[in-house]
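Remarks on the structure that follows.
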Amino acid sequence: MFYREAGQFKSTYGADQAIFPIVQDRWFMVLVLLVSYVVVPMFADEYWYQAILIPFIILALAAVGLNILTGYCGQVSLGTGAFMAVGAYATYKLSTGFPELNIIIVFLMSGAIAAAVGIVFGLPSLRIKGFYLAVATLAAQFFILWVFNKVEWFFNYSPSGTITAPPREIFSVLITGPEASPEARYYVVLVFLTVFALAAKNMARGHLGRSWMAIRDMDIAAEIIGIRPLQTKLLAFAISSFYCGVAGALYIFCWLGSAETEAFDILNISFPVLFMVIVGGLGSVLGSILGAGFITLLPIFLTNAPPVIGLEISTELQKHIEEIIFGVMIIFFLIVEPHGFNRLWQIAKEKLRMWPFPY
Amino acid sequence: MSQERRIGDVILKVDNVSLAFGGVKALTNITFDVCEGEVRSIIGPNGAGKSSMLNCINGFYKPTEGIITFKGESHSQMETHQAASQGIARTFQNIALFKGMTTLDNVMTGRNLKMRKNFLWQSLYYGPAMREELEHREAAERVIDFLEIESIRKTVVGRLPYGLQKRVELARALAAEPDMLLLDEPMAGMNYEEKEDMCRYILDVNDEFGTTIVLIEHDMSVVMDISDRVVVLDYGQKIADGDPDEVRANQRVIDAYLGVQHD
Chain A
1 MFYREAGQFK
11 STYGADQAIF
21 PIVQDRWFMV
31 LVLLVSYVVV
41 PMFADEYWYQ
51 AILIPFIILA
61 LAAVGLNILT
71 GYCGQVSLGT
81 GAFMAVGAYA
91 TYKLSTGFPE
101 LNIIIVFLMS
111 GAIAAAVGIV
121 FGLPSLRIKG
131 FYLAVATLAA
141 QFFILWVFNK
151 VEWFFNYSPS
161 GTITAPPREI
171 FSVLITGPEA
181 SPEARYYVVL
191 VFLTVFALAA
201 KNMARGHLGR
211 SWMAIRDMDI
221 AAEIIGIRPL
231 QTKLLAFAIS
241 SFYCGVAGAL
251 YIFCWLGSAE
261 TEAFDILNIS
271 FPVLFMVIVG
281 GLGSVLGSIL
291 GAGFITLLPI
301 FLTNAPPVIG
311 LEISTELQKH
321 IEEIIFGVMI
331 IFFLIVEPHG
341 FNRLWQIAKE
351 KLRMWPFPY
Chain B
1001 MSQERRIGDV
1011 ILKVDNVSLA
1021 FGGVKALTNI
1031 TFDVCEGEVR
1041 SIIGPNGAGK
1051 SSMLNCINGF
1061 YKPTEGIITF
1071 KGESHSQMET
1081 HQAASQGIAR
1091 TFQNIALFKG
1101 MTTLDNVMTG
1111 RNLKMRKNFL
1121 WQSLYYGPAM
1131 REELEHREAA
1141 ERVIDFLEIE
1151 SIRKTVVGRL
1161 PYGLQKRVEL
1171 ARALAAEPDM
1181 LLLDEPMAGM
1191 NYEEKEDMCR
1201 YILDVNDEFG
1211 TTIVLIEHDM
1221 SVVMDISDRV
1231 VVLDYGQKIA
1241 DGDPDEVRAN
1251 QRVIDAYLGV
1261 QHD
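So the protein sequences, as listed, match chains A and B.
According to our numbering, numbering within the first sequence proceeds without interruption in unit steps and concludes at 359.
According to our numbering, numbering within the second sequence proceeds without interruption in unit steps and concludes at 1263.
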């Protein structure tokens, strides 16, 4: 009843190609931004920030990056963790090497370094596709983490082998390291996600996004139209790795504070982020964010739900149950709605358009 | 047919082209030309090498021998994007649309080669990238209008019926504003009315934009009706070339199609 596009006429192509052509969608986005920037900080406490919000946003950023590569360009990658690690270690080296450099610039430079590494590991994509490419990116995952573990230069010869985020400020507010306030770190990651998600959406609806999707849907036809497969795929690898690199930098600098390569392990990062993209919806920016929400929030919900309804179970049992439910949910989603949350959201909108009349 | 329709000089010349896959000879010493503004058909029984010929022309296959001259530029080997930027567009025998994208996006992708703003401008969207996008949207809408597919503009093409998909594919090829359009069996699997529609669109394209058309088709009545000249291939060799009446009367063509009695 309220979600109607009837009566909203577009008189220019510009209006028709706007990012949210329907008025209700625009208001919804404004609402979401308002809640995340104003309302959430009024109520959130340390636990919310550290356990829920910040990891959710950082992983959402990585999921957006992976969705560019896997969802839009159709190149399956299992190397997300490695590209995030490149971003994190690059930030560590740059910020300890040049302490006076603005940390935001350091983040972006680390993203660029991750992009360069992404291009190198994207080169096989011209020759191999699908599962075989996934295996090639798996090689990147293990190789890069191995290098970061073995070459001591990367963690400044610290005996523990960990990298620790040094305290850095912007506008004289501490935003990295263990002393930074959770609000400040929350705002930093939120701004990154907002800007990067918008940029991803813009690229996806432009001719670049169309050439990615063309390669994904029918590479031979794309080639004959004049799209160059190698350049297009490598650009997708570069941009995707850039996103992942920045996400990795934030992961250490704005969330964990210090970490080893284990934090970027395939089971910790690469698979979960791929699940986020699949559960959220391939080829959708909004879907990646919804998927990230689902994957990061579900374990927390499962941990907190039993005590609320008065069930007392041991932590180990809880952990196992959590994993079981998690796996079942993923399988359930893949069967019931393989196009992910984004498709569910679209169906809901289509239904709303008709409501309360079935036809 | 309108009077002002004129056939110009040779735009495409295929000179002694051979193509072999290992020991299999797909094409042997094929020579023919296509004049600007004409409708040229390539016919022949199954496996005669018609699609291979088209694939050579737009650079998807590299001929083992011979030279292809398009608009005065000779190539023995051509890259596909080179062919596309020189103004060759094509459709496919089995529809090769981008199934996950809308009709509009498919048509816009046909114009991708003409869009130059880099990814940084695009990530901003507002400004130069948007201006470029809108300019091309207008051109894309003209093609959509021409082929009467306005109503399915925002429909994902994977959900469209076969006949419409063929039309969207033609739209995508046309969106590139090609000088030469290669159509690989545009009427395969269509009923009588759909074929008539498709013929009308092909002739309209030829008439209105002056696009040269190279056509592969199995329906002889269609071929004989709409083409100016016909090349006949059989087992990778050219067996006839000329206007439809000549070809129809040619004994070798009749033999190839109907079979010869060996005694």
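Here a beta-carbon is modelled for each residue, glycine too, at the ideal position from N, C-alpha and C.
Cβ-based neighbour list, residue i, same chain, cut-off 6 angstroms, excluding 5 preceding and 5 following
| i | result |
| --- | --- |
| B/Ile1216 | Ile1042, Lys1050, Asp1184 and Glu1185 |
| A/Thr194 | none |
| A/Lys10 | Asp16 |
| A/Phe294 | Val279 |
Under 7 angstroms between C-beta atoms of residue i and residue j
| i | j | result |
| --- | --- | --- |
| B/Cys1035 | B/Ile1067 | no |
| A/Leu66 | A/Leu138 | no |
| B/Leu1113 | A/Gly287 | no |
| A/Phe341 | A/Gly281 | yes |
| A/Thr303 | A/Leu59 | no |
| A/Phe83 | A/Ser241 | yes |
| A/Val189 | A/Leu250 | yes |
| B/Gly1100 | A/Asp217 | yes |
| B/Pro1244 | B/Met1224 | yes |
| B/Gly1087 | B/Thr1212 | no |
| A/Val336 | A/Gly71 | no |
| A/Met203 | B/Phe1098 | no |
Coil, strand or helix - residue i by DSSP
| i | result |
| --- | --- |
| B/Phe1053 | It is Met, not Phe, that sits at residue 1053 of chain B in the sequence shown. If DSSP states are grouped into helix, strand and coil, B/Met1053 belongs with the helices. |
| A/Met1 | Confidence is the limiting factor: at A/Met1 the pLDDT is only 49, short of 50, which leaves the residue's position unreliable, though a coordinate-based value still follows. In the structure shown, A/Met1 sits in coil (DSSP, three-state: anything other than H, G, I, E or B). |
| B/Gly1189 | coil |
| B/Glu1196 | helix |
| B/Pro1008 | Rather than Pro, the amino acid found at residue 1008 of chain B in this sequence is Gly. Reduced to three states, the DSSP call for B/Gly1008 is coil. |
| B/Ala1020 | strand |
| A/Met218 | coil |
| A/Ser77 | coil |
| B/Gly1066 | strand |
| B/His1075 | strand |
| B/Met1001 | Residue placement at B/Met1001 cannot be trusted, given a pLDDT of 45 that sits under 50; what the coordinates show is reported in the next sentence. If DSSP states are grouped into helix, strand and coil, B/Met1001 belongs with coil. |
| B/Glu1150 | helix |
| A/Phe237 | helix |
| A/Leu193 | helix |
| A/Asn268 | helix |
| A/Phe9 | coil |
| B/Asp1015 | strand |
| A/Ser288 | helix |
Within chain A, partners of residue i - CB distance below 7 angstroms
| i | result |
| --- | --- |
| B/Phe1060 | Ile224 |
| B/Ala1084 | Ile224, Ile225 and Gly226 |
| B/Met1115 | His207 |
Residues near residue i in its chain [Cβ-Cβ closer than 7 angstroms; skip 5 each side]
| i | result |
| --- | --- |
| A/Leu133 | Gln75, Val76, Pro124 and Ser125 |
| B/Arg1252 | Ile1239 and Ala1240 |
| B/Phe1032 | Val1014, Val1231, Lys1238 and Asp1241 |
| B/Thr1028 | Ser1018, Gly1236 and Gln1237 |
| B/Arg1111 | His1136, Ala1139, Ala1140, Ala1175 and Ala1176 |
| A/Val273 | Leu59, Ala62, Ala63, Leu66 and Thr80 |
| B/Ser1074 | Ile1067 |
| B/Val1247 | Val1230, Val1232, Ala1240 and Val1253 |
Contacts that residue i makes with chain A (C-beta to C-beta distance below 9 angstroms)
| i | result |
| --- | --- |
| B/Glu1148 | Here the premise fails: no neighbours, minimum Cβ distance about 19 angstroms. |
| B/Ala1129 | Asn202, Gly206 and His207 |
Cut-off 8 angstroms between Cβ atoms - residues of its own chain near residue i, not counting five sequence neighbours on either side
| i | result |
| --- | --- |
| B/Pro1138 | For the sequence presented, residue 1138 of chain B should be read as Glu rather than Pro. The answer is none, since no qualifying residue turns up. |
| B/Trp1121 | Gly1127, Pro1128 and Ala1129 |
| B/Thr1102 | Arg1153, Lys1154, Thr1155, Val1156 and Val1157 |
| B/Val1260 | none |
Chain-ordered chain B contacts of residue i [CB-CB under 8 angstroms]
| i | result |
| --- | --- |
| A/Leu362 | Look at the range of chain A in this structure, 1 to 359, and you will see that residue 362 of chain A is not part of it. |
| A/Tyr13 | Leu1134, Arg1137, Glu1138 and Glu1141 |
| A/Leu235 | Phe1119 |
| A/Asp217 | Leu1097, Phe1098, Lys1099, Gly1100 and Met1101 |
| A/Ser211 | Thr1109 and Asn1112 |
Which residues DSSP lists as bridging residue i, in chain order
| i | result |
| --- | --- |
| B/Thr1212 | B/Met1180 |
| B/Lys1238 | B/Leu1233 |
| B/Asp1243 | According to DSSP, which records beta bridges pairwise, B/Asp1243 is partnered with nothing at all. |
| A/Leu174 | A/Glu169 |
| B/Ser1041 | B/Leu1215 and B/Val1230 |
| A/Asp360 | Chain A is shown from 1 up to 359; residue 360 of chain A falls before or after that span and cannot be answered. |
Partners in chain A for residue i, counting only beta-carbon separations shorter than 8 angstroms
| i | result |
| --- | --- |
| B/Arg1090 | Ile224 |
| B/Met1053 | Within 8 angstroms Cβ-Cβ: nothing; B/Met1053 doesn't reach chain A, min ~15 angstroms. |
| B/Thr1080 | Glu223, Ile224 and Gly226 |
| B/Asp1105 | Arg210 and Met213 |
Amino acids of chain B, ordered along the chain, whose beta-carbon sits closer than 9 angstroms to that of residue i
| i | result |
| --- | --- |
| A/Met203 | Phe1119, Gln1122, Ser1123 and Tyr1125 |
Beta-carbon neighbours of residue i, restricted to chain B and to distances below 7 angstroms
| i | result |
| --- | --- |
| A/Gln24 | What A/Gln24 touches in chain B: nothing, since even the nearest Cβ is about 17 angstroms away. |
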